[in-house]
Structures are given as structure tokens and as C-alpha cells.
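So the sequence shown is numbered by UniProt numbering: it starts at 1 and just counts up by one. For each residue, glycine too, the CB sits at the ideal point set by N, CA and C. Below is one structure, written out as C-alpha cells, with a few remarks after it.
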Amino acid sequence: MNTLQIKNLSKTYPNGVKALNGINLEITNGMFGLLGANGAGKSSLMRTIASLQEPTFGSISFNTIDVVQKPEEIRKHLGYLPQEFGVYPKISAEKLLNHLAILKGILNKKERKEQVTALLQQVNLYQHRKKSVYTFSGGMRQRFGIAQALLANPQIIIVDEPTAGLDPEESNRFLNLLSEIGENVIVILSTHIVEDVRNLCPKMAILSNGEIISEGNPTELVASIEGKVWAKIIPKRDIDIYKKAFDVISTKLVSGKTQIRVLSGKKPEEGFGLITPNLEDFYFTTLFNNQSKAS
Ligand SMILES: Nc1ncnc2c1ncn2[C@@H]1O[C@H](COP(=O)(O)OP(=O)(O)OP(=O)(O)O)[C@@H](O)[C@H]1O
């Protein structure tokens, strides 16, 4: 069993932005979902765990390795798929993966060839191996990204917003691949897509303004707001009135009509129906409670 232990982690950038503020987390094998809005600090946390930047304060250990003191040690065990891969050179997918395998330290030619072939097959790109990655679709690029992250059998894999920009089919295929991998290693999936976490992750945390504001098993977290979420279709112009009167956690269009969801221990007023909450309701409830606490 692998264990990643994060203690009191903070990161302030040179321009004064405090991106992480006292993060404590313990993550073991399996898929861990890190949910947060744009700017919450997800990439900052991923990059710090991946030893691409140093924290301002706090510690990270992976099994017995001190990640901050010995970044080269964690890199031997790490697979990382960043949000932006940057520019791809104009060489074939197979050659590029082979090159990345050398950089990862797989120096034996036969072993390297076997791994590159097996990974291209695993991510379903073997038939496209002679094509340049820059000609690939978004989904194919992400699958290539996972192949490179899996080189040298990593024990901890970090994927930062991997499904952004993918169509539903590509996204599905990518996430299935990820869940197959996630059984015997740590996989940290950072995303703002609640659905992805609900479908894949037995453990999750919500990050907001650089702080963990909730953590646990998605099903148990959702159960904690059971019986407290009410929905009503209202005229769009009345949204502000309802926001003043009730704890409105979300507003969305359902078949072209405005539906509000309200957090309440009892029926807020006539016309509200109790609904079975989902992870999105829990996410919005947590953000709502956190904002109310702050203001
Ligand atoms: N290198 C940097 N220098 C200065 N500020 C930064 C840097 N990287 C991120 N930030 C700031 O830190 C905060 C957290 O950003 P971060 O990219 O970690 O969030 P995120 O949750 O990954 O968001 P997104 O999904 O938009 O990438 C933001 O206010 C961002 O502007």
C-alpha cells in the first residue's frame, strides 16, 4: 500500500497570491478526486506534489520519501499528466513515447520497446503509432498523455483536469482507462467536473481558496445532506427574491425553466419538493456553507 501524506502545506507565489493555505491530506491506493472551481488551487497542489515547485511551508511524504527534500526520488515513482502539455515535436507517437521512456530512465532497449508497445496498446493508440501526436484529436492526445504518465510503472499518478475539452465519448473512454489503472497505485484526479469524481473516486476532497473544505467518500458525503435539499421551478426574474429568503445552493435551467435548489431542514414554502441529492448538490452546499462562514 502506498501512502501520500501532506501536512500544513502552503504555497504563496512571488506575486503574493496565496494559492494553498494549510493543506492536510492522507491519500492511499485508489482514485482520489480533487474537486474545485477554477483558481481554487488544484494545479498548484498537483505541481507541488509532483515536485515541480517547492511549497512555502509544510511537508509532503510519499511512503518513506520526503518529497520536498528529495524531489528526484519521488520522480522515479511518479507519472504526471499536466493540464497543458505544450507543443509536441513533429515525430511519431511511438518515437515520442520511446524518447520520453529514455528520459524516465528506461535505458534497456528491449525493455523500452516492450513497454512502449504495451502502453500504446493499452491506451488504444497502437494503430496510430506512426502518426504525429500533434495531428491527434483531444481525446487521443489525452490517452497519449496517460501512456507517457504510465512509463516505468509509477506508484503515484497525477492527472490535472484531464477531461476538459473532450467530447463525452472521448471523456468516457479516458476515464475508463484511468479507473483500470487506479486499483493498485495512487491516482489523483484534479477536476472541476463533479460527475467524473462521482463515477470514479471512492475518496475525494473539495478545495476552495487554497483550503480543503470537505473530504471523504462521495456516497457518505451526499448522504449527509439527505432530506435537506428542496427544488422548485420559479420565474427567472424572482431568483434574487428567493436568494434573499432562502439558502439557495444552485440555480439551473431544467428543460428551459429555472430551477432553484435550496438547503433547508423543512419544506421552505409551497411548491418545493424534496429531492434525492447528488454529489453536485453536496459540492454546492459545501461551497455555500463555506462562503456563508466567511462573510
Ligand atoms: N505561477 C504562478 N504565479 C502566480 N500566481 C499563480 C501561479 N500559478 C497559479 N497562480 C494563482 O494561484 C491561484 C490558484 O491557481 P491554480 O492554477 O492552482 O488553480 P486551479 O484550481 O488549478 O485553477 P484552474 O482550474 O483555473 O487551473 C490562482 O489565483 C492563480 O492565478
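Since V187 contacts M46 with CB under 8 Å, what's their CB separation in whole angstroms?
Translated into the one-based positions of the sequence shown, residue 187 becomes position 187. Translated into the one-based positions of the sequence shown, residue 46 becomes position 46. Actually they are not in contact, since the Cβ atoms of V187 and M46 sit about 12 Å apart, beyond 8 Å.
In three-state DSSP terms, what is M1?
Locating residue 1 in the sequence shown gives position 1, counting from the first residue. Looking at M1 - three-state DSSP - the assignment turns out to be coil, as it is neither helix nor strand.
In the DSSP output, what is M31 paired with across the bridge?
By one-based count along the sequence shown, residue 31 stands at place 31. DSSP lists V187 as partners of M31.
Taking Cβ positions, are I213 and T286 nearer each other than 8 Å?
Taking the sequence shown and counting its residues from 1, the one referred to as residue 213 is at position 213. Taking the sequence shown and counting its residues from 1, the one referred to as residue 286 is at position 286. Yes. Within cutoff.
Opposing strand residues paired with V229 [DSSP bridges]:
For the purposes of this step, residue 229 is taken as the residue at position 229 of the sequence shown. Answer is L263.
For I146, count the other beta carbons within 10 Å of its own beta carbon; 16 or more makes it buried, fewer makes it exposed. Which is it?
Looking up residue 146 in the sequence shown gives position 146. Per the 10 Å Cβ criterion, buried.
Excluding the 5 residues flanking N38 on each side, which residues of the same chain have their C-beta closer than 8 Å to its C-beta?
Numbered from 1 along the sequence shown, position 38 holds the residue referred to as residue 38. Correct list, in chain order: H192.
Paired residues, beta bridge with A205 - DSSP:
Within the sequence shown, the letter at position 205 stands for residue 205. Answer by DSSP bridge pairing, in chain order: L34 and E215.
Per DSSP, cross-strand counterpart(s) of I234:
Within the sequence shown, numbered from 1, the residue matching residue 234 stands at position 234. Bridge partners of I234: T258.
Is there contact here, the segment 168-182 with the segment 204-222, by at least three beta-carbon pairs under 8 Å?
no
Classification of E72 by the beta-carbon crowding that lies within 10 angstroms, buried from 16 upward
To locate residue 72, count along the sequence shown from 1; it is residue 72. Exposed: under 16 other Cβ atoms inside 10 Å.
Considering only residues of the same chain and omitting the five flanking positions on each side of E280, which have a CB-CB separation below 7 Å?
For this step, residue 280 is matched to residue 280 along the sequence shown. Answer for E280: V194, listed in chain order.
CA-to-CA distance, R237 to F272, given in whole angstroms
Along the sequence shown, read from residue 1 onward, the residue named residue 272 stands at position 272. Along the sequence shown, read from residue 1 onward, the residue named residue 237 stands at position 237. Approximately 18 Å, taken between the alpha carbons.
Per DSSP, T12 is paired with what?
By 1-based counting over the sequence shown, the position of residue 12 is 12. DSSP output for T12 lists K18 as bridge partner(s).
Taking 7 Å as the line, does the beta carbon of G39 fall inside it for any heavy atom of ligand 1?
As a working note, residue 39 is residue 39 in the sequence shown. For ligand 1, at least one heavy atom lies less than 7 Å from the Cβ of G39.
Sorted by chain position, which residues of the same chain lie with C-beta nearer than 7 Å to Y283's C-beta, five sequence neighbours on each side aside?
Position 283 of the sequence shown, counting from 1, holds the residue named residue 283. These residues qualify, in order along the chain: L35, V194 and I206.
For Y80: DSSP bridge partner residues
Counted from its first residue, the sequence shown places residue 80 at position 80. Beta-bridge pairing links Y80 to I158.
In three-state DSSP terms, what is F62?
Working through the sequence shown from its first residue, we reach residue 62 at position 62. F62 falls in the strand class under three-state DSSP.
Can you tell me whether S43 sits near ligand 1, meaning its C-beta is under 7 Å from at least one heavy atom of the ligand?
Locating residue 43 in the sequence shown gives position 43, where the first residue counts as 1. The answer is yes for S43.
heavy atom of ligand 1 below 7 Å from E84 C-beta
Taking the first residue of the sequence shown as 1, we reach residue 84 at position 84. No, Cβ of E84 sits at least 7 Å from all heavy atoms of ligand 1.
Please name the residue in N98, A19 and L150 whose C-alpha comes closest to that of V123.
The residue labelled residue 123 in the question sits at position 123 within the sequence shown. When each option's Cα is compared against that of V123, the closest is L150.
Out of curiosity, what's the CA-to-CA distance linking K90 and M140?
In the sequence shown, residue 90 corresponds to position 90, counting from 1. In the sequence shown, residue 140 corresponds to position 140, counting from 1. Distance between the alpha carbons of K90 and M140 is about 16 Å.
Taking the alpha carbon of N108 as the point to measure from, which residue in E94, A152, E84 and L120 has its own alpha carbon closest?
Numbered from its first residue, the sequence shown carries residue 108 at position 108. For the residues E94, A152, E84 and L120, the minimum Cα distance to N108 belongs to A152.
From the DSSP output, in three-state form, read off K7 for me.
As a first step, residue 7 is located in the sequence shown; it is residue number 7 there, counting from the start. Strand at K7.
K70 versus Y134 - alpha carbon distance:
Residue mapping note: residue 70 aligns to position 70 of the sequence shown, counting from 1. Residue mapping note: residue 134 aligns to position 134 of the sequence shown, counting from 1. If you take the alpha carbons of K70 and Y134, they lie about 34 Å apart.
L25 versus Y13, S10 and I6, residue with shortest Cα-Cα distance:
Within the sequence shown, the letter at position 25 stands for residue 25. Looking at the Cα atoms, I6 is the closest of the given residues.
Beta-ladder partner(s) of I23, from DSSP:
Residue 23 sits at position 23 when you count from the first residue of the sequence shown. I23 is bridged to L9.
Around the Cβ of G22, are there at least 16 other Cβ atoms within 10 angstroms (buried) or fewer (exposed)?
To locate residue 22, count along the sequence shown from 1; it is residue 22. Exposed, because fewer than 16 other Cβ atoms sit within 10 Å of the Cβ of G22.
Helix, strand or coil at I91 according to DSSP, with G and I counted as helix:
Taking the first residue of the sequence shown as 1, we reach residue 91 at position 91. Three-state result, I91: coil.
At a cut-off of 7 Å, would you count V185 as near ligand 1, judging by its Cβ distance to the nearest heavy atom?
Residue 185 sits at position 185 when you count from the first residue of the sequence shown. For ligand 1, not one heavy atom lies less than 7 Å from the Cβ of V185.
What three-state label does DSSP hand V222 in the structure shown?
Within the sequence shown, numbered from 1, the residue matching residue 222 stands at position 222. Here V222 sits in helix by DSSP.
Any non-hydrogen atom of ligand 1 within 7 Å of A19 CB:
Here the question's residue 19 lines up with position 19 in the sequence shown. Yes, since a heavy atom of ligand 1 falls inside the 7 Å radius drawn around the Cβ of A19.
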